[in-house]
Structures are given as structure tokens and as C-alpha cells.
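Below: the structure, in C-alpha cells.
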Amino acid sequence: MIRISNLSKRFAGFQAVSDVSIEVPKGAFLVLVGPSGCGKSTMLRMLAGLETPSAGTIAFDGKLVSDGARSWTIEPARRNAGLVFQSYALWPHMTVGGNVEWPLKVAGMGRAERRARIGEVLGLLGIDKLAERYPNEISGGQQQRVAIARMIAPKPGILLFDEPLSNLDAKLRVEMRTELLRIHRATGATSVYVTHDQVEAMTMASHVAVMNGGRVEQFGSPDELVAHPQSAFVATFVGTPPANLVPANAIPAGHPLSGQGEGGAFMFRPEELFVDEAAGPRTIVLDYAEASPVAGRTMITGVSKDMRLTAVVDRAPTLRVGQSVHFRIPDRPAALFSREGALVR
Ligand code: ATP
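Position one of the sequence shown corresponds to residue 1 (UniProt numbering), numbered consecutively onward.
Right under this line is the structure:
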């Protein structure tokens with residue numbers, strides 16, 4: 001449904017997106033996730049037609065919509081794609097109903113049909129009672145719903161979301177994730193969703209592209225990314241909590257892995273580390289930083305100048321900030337990454 005091939009975007013001397021190739025089927029929920037400045041918004045803007053690629057192509061449903069080689073792109077309004085921004089960009093002088101009606105008018109839909117469609121989408125979003133209100137008379141969460149209603153009203157085949165939940169409070173944000181997935185399914189559209197929040201990415205996505213420095217570091221399902229991270233960056237970016245990396249030179253001398261790894265780093269999952277009462281030949285001693293309950297277990301984090309380890313354990317010793325915490329490193333790592341962060345095994 002969406003085919004992105006060798007896509008790049010260069011701004012006056014700055015490479016924002018480098019050689020990205022991704023393909024997702026119809027109905028997919030693709031999440032572009034990565035740290036600030038990694039190029040995810042630029043990717044979404046190219047998909048929306050707001051930005052022309054420097055190289056590469058984008059095709060929707062087998063139809064070319066952008067071609068970097070020809071500096072050619074179909075304008076946003078003619079793409080069959082709807083866009084929702086972080087700022088909802090509602091028309092302040094129009095009612096909720098008026099905002100939702102606007103794209104339908106632009107599309108040339110008749111009055112009776114428009115009325116019916118407005119009722120339908122406001123119902124789907126659970127805001128049918130707000131039709132006569134103005135944007136400044138409703139809450140931020142309700143404005144968000146209006147923006148989504150306006151986007152889906154003309155039945156676009158592709159829904160594009162740029163950090164749509166980042167202005168909402170934590171509880172509402174979690175509720176809206178489920179809500180957005182319900183709407184995604186109800187419309188049958190293919191969605192592309194940009195966020196810097198990996199938890200949001202991992203809970204919502206059918207397909208995730210983890211971006212870093214303009215490149216896609218890894219593309220796959222949330223489960224694949226956690227089970228088989230292909231780079232040190234992905235290993236420490238995804239997961240709740242993310243995996244631990246222990247530099248090979250920090251492995252204690254008495255440990256079976258000592259002397260292996262050649263300047264790289266071993267990966268251990270938080271549930272594979274143990275917390276011991278005292279130092280031993282297989283422990284790394286760090287400063288206790290924090291503990292918090294997770295689903296009946298305890299998550300314990302220790303830090304040093306250049307390492308941060310997190311263990312999830314059943315029974316945790318009582319620790320205070322300033323104390324040492326002893327992490328016992330298992331004999332077998334879940335993965336090994338090279339000095340450059342590439343997967344070795
Ligand atoms: P954030 O989460 O902070 O929004 P992002 O991953 O969405 O970040 P982009 O907005 O895509 O990142 O920007 C990627 C890089 O391209 C950034 O370094 C940004 O400064 C640069 N960039 C974006 N737009 C332009 C522009 N119009 N001109 C020059 N550089 C730009």
C-alpha cells in the first residue's frame with residue numbers, strides 16, 4: 001500500500017533523511033520513532049506532499065506520488081491522505097461541525113450527504129454533542145478528537161499523524177492510543193504515525209521503523225525489535241524497560257565472558273540480571289539510583305559514570321540512594337554488538 005524507495009531529503013547542506021526504503025501493506029499501522037532530529041517529521045511531510053524528496057520515490061497503492069529524481073510530487077490535497085498535527089490547527093471561527101464539514105465542501109460533497117457524514121464521524125469520535133461549539137469552548141482532548149474527525153471525514157486511504165498526543169496529559173494520552181487504533185481499524189485506512197515515545201510506538205504499531213540520524217536503523221514488528229535488535233541503538237531504545245548494554249571491558253575478571261567481545265558491548269535483558277546482596281566474581285557494582293514496582297516485580301537501576309543497568313527482579317533488597325547495588329551478570333549474553341554498534345551475534 002505504501003512503498004518508500006531509497007528516499008532522501010537534503011536541506012541546504014543538511015541530510016535530514018538518508019536512503020530510506022520501507023514497504024507496508026494496506027491496513028498497517030506504521031510508526032516512525034526515534035530521538036529528536038532523527039528525520040521522522042521530514043519523512044511524514046514527504047508522505048503528506050508538503051516536502052519534495054531530494055532522491056527516491058513514494059508510491060501509494062502502486063501509484064507514484066513523489067519522485068525525487070524529477071523533483072516531482074503530487075500536492076497534499078490530491079493524495080487521498082489526511083494529516084493530523086501536534087497542534088490541532090482547527091479553524092477558530094468555525095464550529096466543530098463546521099470544521100469537520102470544511103474538507104467535505106472542498107471535495108464538492110452535497111449538503112445532505114455532508115450532514116450525514118458529519119454525524120457519522122462525530123459519532124465515531126464520541127463528540128456528537130459538541131457539534132455547535134467553537135474550538136475555544138472545548139477541552140484540548142476534545143479538540144484533538146475534532147482534528148481527527150476532520151481528517152477522516154473525506155475517507156482518506158492514508159492517515160498521517162505527527163505526534164498527535166503530545167499535548168495531552170499522561171492518562172488521556174494512554175486512553176487516546178486505544179481510541180486511535182479503534183478509529184484506524186474502523187476506517188480501514190493505512191496509518192503512518194510519528195512519535196519520539198517508544199512505548200507509544202511499541203503499543204500501537206503493526207510495523208515500526210526506528211530512525212536515528214536520518215536513517216532507518218531497523219524496520220519490523222514491535223516483537224521482532226525487542227527479540228532481535230539489529231543494532232546497539234535499537235537494543236537500548238525499545239522495550240519496557242529497554243535492554244542493558246555492558247561494555248566488554250566492564251565484564252569482571254572472574255566472569256566467563258571476561259576477555260571476549262573486543263571493545264564491543266554485551267546485551268542483557270533486565271529480567272536476566274540478578275541483584276546480589278554482596279559483590280562477587282560475576283557482579284558489577286554500581287551506585288543505586290532508583291527502584292519502582294512493575295507488575296508485581298521490582299525494577300532496580302544502578303548507575304556509574306559510563307554505565308546504567310536495570311534489573312527486574314521478584315525480590316529486591318531494600319536500597320537507599322548512595323548505597324552500592326550488585327548486579328550479577330549471567331554467563332550468556334542475549335547479543336553482542338561491535339564497537340560501532342552493529343550486531344555481531
Ligand atoms: P523532532 O522530534 O524534534 O520533531 P524529527 O525527528 O521529527 O525531530 P525532523 O523535524 O524531521 O526531525 O528534522 C530532521 C533534521 O532536519 C533536523 O536536524 C532539522 O533541524 C533538519 N531540518 C528539518 N527541516 C528543515 C528545513 N526546512 N531546513 C533545514 N533543516 C531542516
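Heads up, the beta-carbon is just placed ideally off N, CA and C, and yes, glycines get one too.
The alpha helix (DSSP H) runs lying completely inside the stretch 164-210 and spanning 4 residues or more are 170-187 and 198-204, given in chain order. Straight-line spacing of the CA atoms in I284 and H255 works out to 10 Å.
Rounded to the nearest whole angstrom, the C-alpha separation of A235 and R339 is 14 Å.
In this structure, the beta-carbon distance from N99 to G157 does not fall below 8 Å. Using a Cβ distance threshold of 8 Å, L165 and T187 do not count as a contacting pair. About 5 Å separates the CB atoms of A209 and V216; that is less than 8 Å, so the two are in contact. Taken in chain order, the complete alpha helix (DSSP H) segments of 4 or more residues contained in the stretch 32-61 are 40-48.
Proximity of the stretch 94-109 to the stretch 166-177 falls short of the contact definition, fewer than three beta-carbon pairs being nearer than 8 Å. Look at M151 here: in three-state DSSP terms it is helix. Rounded to the nearest angstrom, the gap between the Cα atoms of V192 and L30 is 5 Å.
Beta-bridge partners assigned by DSSP to E290: T301. For D276, the enclosing beta strand (DSSP E) begins and ends at F274 to D276.
For D287, same chain residues with a beta-carbon under 7 Å away, outside a window of 5 residues either side, are G302, V303, S304 and S324 in chain order. Of all alpha-carbon atoms in T190, L257, F274 and M307, the one lying nearest the alpha-carbon of G82 is that of T190.
Rounded to the nearest angstrom, the gap between the Cα atoms of K26 and G214 is 25 Å. Runs of the beta strand (DSSP E) lying entirely within the stretch 305-336 and spanning at least 3 residues, in chain order: 308-313 and 324-328.
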